[in-house]
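Quick notes on the structure that follows.
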Ligand SMILES: Cc1ncc(C[n+]2csc(CCOP(=O)(O)OP(=O)(O)O)c2C)c(N)n1
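Residue numbers (my numbering): 835 to 1161.
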């Protein structure tokens, strides 16, 4: 694969789909929750961590993957799920807690599981690293294709699990990529207050892995770096820590106005989608008309998924204890 016009158009489409998805969910989220923040009210009770600003990471990395590759991610999973091709209707229904959801409405927005596309997410920070490395080890031992990819935030890097898993990846030279989405903040804590090193990709040398850093929240550069990491993993070159500079445009979750991000620190909150749209038009990969048509089609698809979810039945309480254990 290389960075063809088709790949770039596809990445733009994926970013637009992810943004439309998060925008529609945000509208649903606020139903019945105002004027006082009624956390448990409305069609989407509880927490909602949207991916506004981080779309290039999902689009760029997932465009470099193949069907056999296995993804785990965390509490902010929408942009990666959408980029991986998780079924939009079942994903939306899962977030709405409906019977037609991916896990029958049991998981909610942080616990998305779609075996069809080898995708899972967990609300426990750094939890997905071990399973992704384990899947990479299994495939290596079985001589089967497929690499493990785990997406984490820069806040997860100081968890013990990170160091244990990276060490094992290095020892066994596993076909594995740890994508660190550096959006500068873990809830309200700026990276400089919690992490001793400027570049988490520098840590790769301690674990016999390759480190790559991508600045600028740029899908083209993210794709190119992901492709290098994927090739390395598939050809026996071992694991990569791929650190990507990205932007959290909103608060940590819905209801967090993010007022602690002030002054110069606000400057990184630049929306990547209009920038990429402009670039593709300037380079004759899209026109105004084709971009608008794509946006219309994607928004229609997202609206349809929202309608499907809202009209789906709730699970029957009698089934609450089903699926508690895996077969
Ligand atoms: C093991 C664990 N500790 C704490 C939390 C609470 N928590 C949820 S999100 C979060 C911050 C995560 O920051 P980061 O990894 O940078 O991801 P981001 O939210 O910026 O995408 C914390 C501490 C958790 N879910 N799991």
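Glycine included, C-beta positions come from ideal geometry on N, C-alpha and C.
Return the first residue and the last residue of the alpha helix (DSSP H) that residue i is part of.
i: residue 1002; result: 994-1006
i: residue 1012; result: Residue 1012 -> not in any alpha helix (DSSP H); beta strand (DSSP E) instead, spanning 1010-1016.
i: residue 1056; result: 1053-1068
i: residue 1076; result: Taken as a continuous stretch (DSSP letters only), residue 1076 belongs to no alpha helix (DSSP H), being part of the beta strand (DSSP E) at 1074-1079.
i: residue 894; result: 889-896
i: residue 914; result: 912-918
i: residue 777; result: An answer regarding residue 777 cannot be provided, because it is not within the stretch 835 to 1161 covered by the chain.
i: residue 969; result: 963-976
In whole angstroms, give me the CA-to-CA distance for residue i and residue j.
i: residue 1151; j: residue 1144; result: 18 Å
i: residue 988; j: residue 1121; result: 36 Å
i: residue 1137; j: residue 900; result: 28 Å
i: residue 1123; j: residue 1130; result: 11 Å
i: residue 1010; j: residue 974; result: 10 Å
i: residue 843; j: residue 1155; result: 44 Å
i: residue 979; j: residue 971; result: 11 Å
i: residue 1139; j: residue 922; result: 6 Å
i: residue 940; j: residue 961; result: 19 Å
i: residue 897; j: residue 1067; result: 16 Å
i: residue 977; j: residue 1076; result: 25 Å
i: residue 871; j: residue 1090; result: 10 Å
i: residue 991; j: residue 1014; result: 8 Å
i: residue 855; j: residue 883; result: 12 Å
i: residue 889; j: residue 869; result: 30 Å
i: residue 1118; j: residue 1045; result: 34 Å
i: residue 841; j: residue 995; result: 34 Å
i: residue 1142; j: residue 1041; result: 46 Å
i: residue 945; j: residue 1113; result: 35 Å
i: residue 1148; j: residue 1098; result: 46 Å
i: residue 993; j: residue 1115; result: 42 Å
i: residue 909; j: residue 1002; result: 24 Å
i: residue 1024; j: residue 1057; result: 26 Å
i: residue 926; j: residue 1070; result: 38 Å
i: residue 981; j: residue 1128; result: 31 Å
i: residue 924; j: residue 1146; result: 10 Å
i: residue 1019; j: residue 1088; result: 15 Å
i: residue 1104; j: residue 1160; result: 42 Å
i: residue 874; j: residue 986; result: 27 Å
i: residue 1093; j: residue 863; result: 20 Å
i: residue 876; j: residue 1063; result: 42 Å
i: residue 918; j: residue 953; result: 8 Å
Output yes or no for whether 9 Å exceeds the beta carbon distance between residue i and residue j.
i: residue 839; j: residue 906; result: no
i: residue 1082; j: residue 887; result: yes
i: residue 1029; j: residue 1086; result: no
i: residue 1059; j: residue 1048; result: yes
i: residue 1072; j: residue 1007; result: yes
i: residue 1157; j: residue 984; result: no
i: residue 1016; j: residue 934; result: no
i: residue 916; j: residue 851; result: yes
i: residue 849; j: residue 1054; result: no
i: residue 963; j: residue 1005; result: no
i: residue 914; j: residue 859; result: no
i: residue 881; j: residue 943; result: yes
Among all the DSSP beta bridges, which residues are the ones paired with residue i?
i: residue 948; result: 953
i: residue 1020; result: 1023
i: residue 1044; result: 1074
i: residue 1124; result: Partner(s): none; residue 1124 has no beta bridge.
Using the Cβ count rule (16 or more neighbours within 10 Å means buried), how would you classify residue i?
i: residue 1051; result: buried
i: residue 1096; result: exposed
i: residue 865; result: exposed
i: residue 1036; result: exposed
i: residue 885; result: buried
i: residue 903; result: buried
i: residue 1012; result: buried
i: residue 948; result: buried
i: residue 1061; result: buried
i: residue 1074; result: buried
i: residue 1108; result: exposed
i: residue 853; result: buried
i: residue 950; result: exposed
i: residue 1101; result: exposed
Is the shortest distance between the beta-carbon of residue i and the beta-carbons of chain C less than 9 Å?
i: residue 903; result: The structure shown contains no chain C; it is built from a single protein chain.
Could you give the first and the last residue of the continuous beta strand (DSSP E) run that contains residue i?
i: residue 1109; result: Per DSSP, residue 1109 belongs to no beta strand (DSSP E); it is in the alpha helix (DSSP H), 1106-1116.
i: residue 985; result: 982-987
i: residue 849; result: No beta strand (DSSP E) holds residue 849; the alpha helix (DSSP H) holding it covers 839-863.
i: residue 1164; result: With the chain running from 835 to 1161 in the structure shown, residue 1164 is simply not present.
Looking at ligand 2, does it come within less than 8 Å of residue i, judged from the CB to the closest heavy atom?
i: residue 887; result: Among the ligands present in this structure, namely ligand 1, ligand 2 is not found.
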